[in-house]
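Student: Before we start, here is the structure in question, set down as structure tokens.
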Amino acid sequence: MGDPKEITTLQATTILISTIIGVGVLPLPLFAVRAGETSAPFVTLTGMFLAAIGLVFITSLGIRHPQKTIITYSQDIIGKWLGRIFSILVIIFFLILTSLTAREFGAVVVTGVLRETPLEVTVIVMLLLASISCRNNINVFAYIHNLYVPMILAPVLIVVAFSLKNANPLYLRPIFFGSDLWNMAGGMLTVAALFQGSFIITMIIPSMKSPKKAIKASFWGILISGGLYLLIVIATVAIFGPEEIKQIFWPTLELARTTAIPGNILQRLDIIFLAVWVLAVFTTLFSSYFFTIHSIKELFRLKDHKVLSYFILPCVFFLAMAPQNILHMYEIIQFIGRIGLLITILYPAVLLLMDFLKSWRRKRNVAKSS
Amino acid sequence: MSLLRPKKRTYKKPQLLTPSKLVHQKENTPTSSSLDETEQQIKEILGNNGDLKIKHFKIFGSFSAACVYFSSLVNKDSINKDILRPLMYEPEHLIGKEKPLAQLIDIILTETLYHGEAKVGGCLDDLIEFMLRGETVIIMDGLKEAIHIGTRKVDKRAIAQPETEQVILGPREGFIENIATNVALLRYRLPTPDFQVKTMKIGRLTKSTVAICYLKGIANETVIKEVEKRLSEIDIDAILDVGYLEQFIEDNPFSPFPQTQSTERPDKTVANLIEGRVAILVDGSPFSLLVPVVFNQFYQTTEDYSSRFLMGSFVRLARILALVFSLIFPSLYVSLISFNPELLPTEFAVAVAGGRAGVPYPAVIEVLIIEIAMEILREATVRLPKQVGGALSIVGVLVIGQAAVEAGLSSPITVVVIALTTIGSFATPTYTAAFALRMLRFPIMILAGIFGLYGVMIGIIFIFNHMLSLKSFGVPYMAPVSPSDYQGMKDVVIRSPLWWMPKRPDFLHPANQSRLTEKDNKVLEHNKVGNDQREGTSNGGSEGDHNTSGNNNLN
Chain A
1 MGDPKEITTL QATTILISTI IGVGVLPLPL FAVRAGETSA PFVTLTGMFL
51 AAIGLVFITS LGIRHPQKTI ITYSQDIIGK WLGRIFSILV IIFFLILTSL
101 TAREFGAVVV TGVLRETPLE VTVIVMLLLA SISCRNNINV FAYIHNLYVP
151 MILAPVLIVV AFSLKNANPL YLRPIFFGSD LWNMAGGMLT VAALFQGSFI
201 ITMIIPSMKS PKKAIKASFW GILISGGLYL LIVIATVAIF GPEEIKQIFW
251 PTLELARTTA IPGNILQRLD IIFLAVWVLA VFTTLFSSYF FTIHSIKELF
301 RLKDHKVLSY FILPCVFFLA MAPQNILHMY EIIQFIGRIG LLITILYPAV
351 LLLMDFLKSW RRKRNVAKSS
Chain B
1001 MSLLRPKKRT YKKPQLLTPS KLVHQKENTP TSSSLDETEQ QIKEILGNNG
1051 DLKIKHFKIF GSFSAACVYF SSLVNKDSIN KDILRPLMYE PEHLIGKEKP
1101 LAQLIDIILT ETLYHGEAKV GGCLDDLIEF MLRGETVIIM DGLKEAIHIG
1151 TRKVDKRAIA QPETEQVILG PREGFIENIA TNVALLRYRL PTPDFQVKTM
1201 KIGRLTKSTV AICYLKGIAN ETVIKEVEKR LSEIDIDAIL DVGYLEQFIE
1251 DNPFSPFPQT QSTERPDKTV ANLIEGRVAI LVDGSPFSLL VPVVFNQFYQ
1301 TTEDYSSRFL MGSFVRLARI LALVFSLIFP SLYVSLISFN PELLPTEFAV
1351 AVAGGRAGVP YPAVIEVLII EIAMEILREA TVRLPKQVGG ALSIVGVLVI
1401 GQAAVEAGLS SPITVVVIAL TTIGSFATPT YTAAFALRML RFPIMILAGI
1451 FGLYGVMIGI IFIFNHMLSL KSFGVPYMAP VSPSDYQGMK DVVIRSPLWW
1501 MPKRPDFLHP ANQSRLTEKD NKVLEHNKVG NDQREGTSNG GSEGDHNTSG
1551 NNNLN
């Protein structure tokens, strides 16, 4: 790692925010409503908490090993070969996550804006953009996220603010337990899966100026992005009501469509919203892409990640083209998301536990020998 | 072939140094003690030149000597009055004293010559170089060493108002070609020992003087060292303008964005020096080169700071808007027209469609045609003399604005869009930055023609990512926006009042940060005195006035 360690806490926070907010913004209310009906905001909140717990695991692991990422310290904790096998799993998971993000993005663009452009073209353009940007070092990676966060947050907040005048608070009741518990638990998992990008903190910590402050960054990161998700869910549910949302694929886009800014400057907002949403997708895709190649670099102890960025491009592209249609794609996304929770929450939890045990045993040994 | 190759290599080296081999053969040869011999050698090298003057005379009436100079480069008055007269006409205080040949040079330098820049030199090639720079060389018979005196006088133009960076409020001086004058303009504003000027010579033929100016204790040492290192690595035959240096020292030559700033204004240069930047001046160029730069300084002007902060901030906001216009306005137009007309208010969309009814091309082709015509028109007006330029722009405006619409080549809205874009790019104060955006407009337009708003976004993301990855002498290009810096952010979108910015921007890593005094600035409180609207006038209204005028000693 030749780069100077100069990522600040603020930059780490912005990386988390812009990585978490991504394609998931559009179908999130649908997922939440399917699971919890009127208590969709509550489902979102619990999902956020689950994700926060996972983030605490991975961050504290990172703080205990401030020079290393999960790829390298897992080998210290559970042994070289087991660590490598799990690292490969992590890499494969993020590879799939990258391609699914690209695919979901392509699906939205093709249905929403460019109806005659082939799906492949929109996806490959986005992937090319990400892979070219991935050739920079991790500091530039942080600068990029830092710059885009306000541009990602602003349009969502504007749309939510202007749409609330049509809100009907009745749609939000009952707040708790609007549906059966089992269903809500499933929804919670799906929502938590939208926060999987936060796993990237493991790559950031070794390049941070003060790794100890990573926990602060994670807290603010998950609070701001989760708060935004919650706002979106509340706004869409309060305006459309649960029954109508179930009929819509991307309720957030519909929300933007029904919003009008005063003064009639623009007739419709949804296209503008989509255009800015491209930014949010880009940052998410960029993060997972960067994480993938950075992890491969660490796993094989390569010096540079630049070459890898084009090397895995065809791989990501073919994976992105694998789902047959939108319905199939969302099935896969939900499935992969839940498996991903095992990797992003359970795996760090186990690692952290073993790490604790190890250091505890070591302390006891030291105490005994002395 | 194989025989020729080694020969070529052996020849290459001396040719690289300078085309004239004669001087190099004479390198480090001491001048001969015989006057005739030295004269002969000089003539051998420079004899063909009509403006080489060799004047024989006798010092104090007894020692034969010669005065050699280029008549085109020297101040003849000074030679006659300050050099020849005291040497030929023995001064009173020397009459009768013994003057041995060995001490002659000493006597001349300390007791005779009325000139501040007289020195002793021994090598022939050095003397020749001094002559070529306008010095007068005095060779004396029987002495190996010669005296050379700085008598250079080259005509220069007067200090005038900068052509490319005019201001309404602020100083009117601009740099000129002569580096001595330019350094003087800087020194006059910075009478402090911290202001340092290091010079070096670059260019095998032009031997241009390059000055590196910085404020010691404010500029970052590593930046200064890096500038010196990059400059000293340049090996080229000619440096005719500061732009030559720019191309050698910038970090990424393939980027469309300028990574150094050149300015004609001494006040701007000084302001940048005080922020901790390094300025590079070249003899013969009326521009100074400032490094390191960040993007936001390309839309700042000195006027922002000399006018009141509300004015400065407002103008700056307008300029940022113009910057955005000049980059994406045509592509937004193209994508709205050809992909998402539903975004426009209905009445306007109908009007646009009506205007475009007779136009045979898709919007992107139409916009591209008019844009290219605009670029040609602009380039033509830059090169033309002023008298013709006015006529040309009228013709251009008529042709593009009126006739093109009537001929069905473009719709009126397109012309409006292009006009706004062009005006927008004129509103960017720095020519090079405006140029970068002008260039980048075209790829975004094509992307907009293919993908609509999605394409515009892709283009913008790509440009932003590129800008974020740029560095100028170790400073990230988009600082202080990203990586963010609280002190620097006060001077990005708006120009905060000067007393809000007590520290120098941190992204330049200045060695000294404090700009204002540590204690709170009390200026505003003094102003309350005599202002009965703000406070009771208990301490007498005129006292404040008294103080300010009493301290006033401008003279």
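Here the protein sequences line up with chains A and B, keeping their order.
Quick note: the first sequence, position 10, residue 10 per my numbering, numbers continuous.
To convert, count from 1 in the second sequence and add 1000; that's my numbering.
Cβ atoms here follow ideal geometry from the backbone N, Cα and C, with glycine treated the same way.
(1) Residue 279/A versus chain B: which residues are under 8 Å apart at the beta carbon?
(2) Over the uninterrupted alpha helix (DSSP H) stretch that includes residue 1232/B, give me the two end residues.
(3) Does the beta carbon of residue 109/A come closer than 7 Å to any beta carbon on chain B?
(4) With a cut-off of 8 Å on the beta carbons, I'd call residue 1352/B and residue 1444/B a contact; round off their distance for me.
(5) Comparing C-alpha positions only, which one of 1241/B, 1190/B, 1322/B and 1309/B sits nearest to residue 1267/B?
(6) Applying the 10 Å Cβ sphere with the 16-neighbour rule, what's the burial state of residue 1534/B?
(7) Could you tell me which of 1095/B, 1360/B, 1362/B and 1480/B sits nearest to residue 1295/B, measuring between CA atoms?
(8) Note down, in chain order, every chain B residue with its Cβ under 7 Å from the Cβ of residue 143/A.
(9) Cβ closer than 7 Å: which chain A residues qualify as neighbours of residue 1345/B?
(10) Near residue 1436/B, what residues of its chain come up, given a Cβ to Cβ distance below 7 Å and the 5 sequence neighbours on each side ignored?
(11) According to DSSP, is residue 43/A helix, strand or coil?
(12) Does DSSP put residue 348/A in a helix, a strand or coil?
(13) Is residue 1331/B helix, strand or coil when you go by DSSP?
(14) Kindly give me the distance between the Cβ atoms of residue 1160/B and residue 1174/B, rounded to whole angstroms, as I take these residues to be in contact under 8 Å.
(15) Return yes when the Cβ of residue 1203/B is within less than 7 Å of the Cβ of residue 1508/B, no when it is not.
(16) Kindly indicate which residue of 1109/B, 1213/B and 1391/B has the alpha-carbon position closest to the one of residue 1227/B.
(17) Quick check for students: name the residue ranges of the alpha helix (DSSP H) that lie wholly in the segment 1337-1419 of chain B, counting only runs of 4 or more.
(18) Report the CB separation of residue 21/A from residue 152/A in whole angstroms; it is logged as a contact under 8 Å.
(19) Given a threshold of 16 other Cβ atoms within 10 Å of its Cβ, counted over all protein chains shown, does residue 1289/B qualify as buried or as exposed?
(20) Does the segment 1181-1198 of chain B come within contact of the segment 1215-1224 of chain B, defined as at least 3 CB pairs closer than 8 Å?
(21) Using 8 Å as the Cβ pair cut-off and three pairs as the minimum, do the segment 1414-1425 of chain B and the segment 1315-1327 of chain B touch?
(22) Should residue 1493/B go down as buried or exposed, given a rule of 16 or more other Cβ atoms within 10 Å for buried?
(23) Measure from the alpha carbon of residue 1031/B to the alpha carbon of each residue in 1415/B, 1105/B, 1046/B and 1124/B, then state which is nearest.
(24) Which of helix, strand or coil does DSSP assign to residue 1056/B?
(25) So, for residue 1061/B: in the same chain, excluding its five sequence neighbours on each side, which residues have a beta-carbon less than 6 Å away from its beta-carbon?
(26) Using 7 Å as the limit for Cβ to Cβ distance, is residue 1557/B near chain A?
(27) Of all the options 1111/B, 1448/B and 1279/B, which has the alpha carbon lying nearest to the alpha carbon of residue 1216/B?
(28) Check the Cβ of residue 1342/B against every Cβ in chain A and list those closer than 7 Å, keeping chain order.
(29) Establish whether the CB of residue 1186/B and some CB of chain A are separated by less than 7 Å.
(30) Does residue 1039/B come out as helix, strand or coil in the three-state DSSP assignment?
(31) Need the endpoints of the beta strand (DSSP E) that residue 1278/B sits in, please.
(32) For residue 233/A versus residue 44/A, is the C-beta spacing smaller than 7 Å?
(33) Taking the straight line between their C-alpha atoms, what separation do you get for residue 32/A and residue 55/A?
(34) What are the boundary residues of the alpha helix (DSSP H) that residue 315/A is part of?
(35) Between which residues of its own chain and residue 119/A is the CB-CB distance below 6 Å, once the five residues before and five after are set aside?
(36) Do the CB positions of residue 192/A and residue 51/A come within less than 7 Å of each other?
Tutor: The short version:
(1) The CB of residue 279/A comes closer than 8 Å to the CB of 1457 and 1461 in chain B, given here in chain order.
(2) It spans 1221-1232 - the alpha helix (DSSP H) in which residue 1232/B sits, taken as one unbroken run.
(3) Residue-level contact check: residue 109/A touches chain B, since one or more beta carbons of chain B fall below 7 Å from its beta carbon.
(4) Their Cβ separation, rounded to whole angstroms, is 20 Å, which puts residue 1352/B and residue 1444/B out of contact at 8 Å.
(5) Cα-wise, what sits closest to residue 1267/B is 1190/B.
(6) Unreliable positioning characterises residue 1534/B in this predicted model, as indicated by a pLDDT of 49, which lies under 50. The coordinate reading is nonetheless provided below. Here residue 1534/B is exposed. Its C-beta has fewer than 16 other C-beta atoms within 10 Å.
(7) When each option's Cα is compared against that of residue 1295/B, the closest is 1480/B.
(8) Against residue 143/A, the close residues of chain B are 1468, 1476, 1478, 1482 and 1483, in the order they occur along the chain (beta-carbon pairs closer than 7 Å).
(9) Within chain A, the residues near residue 1345/B are 264 and 267.
(10) Excluding sequence neighbours, residue 1436/B sits near 1256, 1257 and 1258.
(11) Residue state for residue 43/A is assigned as helix, using DSSP reduced to three classes.
(12) Looking at residue 348/A - three-state DSSP - the assignment turns out to be helix.
(13) Looking at residue 1331/B - three-state DSSP - the assignment turns out to be helix.
(14) Confirmed, Cβ separation roughly 6 Å.
(15) The Cβ atoms of residue 1508/B and residue 1203/B do not sit closer than 7 Å to each other.
(16) Taking only the C-alpha atoms, the option nearest residue 1227/B is 1213/B.
(17) For the segment 1337-1419 of chain B, the continuous alpha helix (DSSP H) assignments of 4+ residues that do not extend past its boundaries occur at 1346-1355, 1363-1383 and 1386-1397, in sequence order.
(18) Yes, they are in contact, since the Cβ atoms of residue 21/A and residue 152/A sit about 6 Å apart, within 8 Å.
(19) Residue 1289/B should be labelled buried.
(20) Contact between the segment 1181-1198 of chain B and the segment 1215-1224 of chain B is present, because at least three Cβ pairs lie under 8 Å.
(21) As far as the Cβ criterion goes, the segment 1414-1425 of chain B touches the segment 1315-1327 of chain B, which means the pair count is three or higher.
(22) So residue 1493/B ends up on the exposed side.
(23) The shortest C-alpha to C-alpha distance from residue 1031/B to any of 1415/B, 1105/B, 1046/B and 1124/B is the one to 1124/B.
(24) Strand.
(25) Answer for residue 1061/B: no residue qualifies.
(26) The question about residue 1557/B has no answer, for chain B in this structure spans 1001 to 1555.
(27) 1279/B is the residue among 1111/B, 1448/B and 1279/B whose C-alpha sits nearest the C-alpha of residue 1216/B.
(28) By Cβ distance, chain A contributes 267 and 268.
(29) No, because no Cβ of chain A sits closer than 7 Å to the Cβ of residue 1186/B.
(30) The answer is helix: DSSP assigns residue 1039/B an H, G or I state.
(31) That run of the beta strand (DSSP E) goes 1278-1282.
(32) Here residue 233/A is near residue 44/A, since their CB atoms are less than 7 Å apart.
(33) Spanning the two alpha carbons is a distance of roughly 21 Å.
(34) Note, residue 315/A: alpha helix (DSSP H), 313-321.
(35) Around residue 119/A, the same chain offers 106 and 110 as residues with beta carbons nearer than 6 Å, after the five sequence neighbours per side are excluded.
(36) Taking the C-beta atoms as reference points, residue 51/A is found nearer than 7 Å to residue 192/A.
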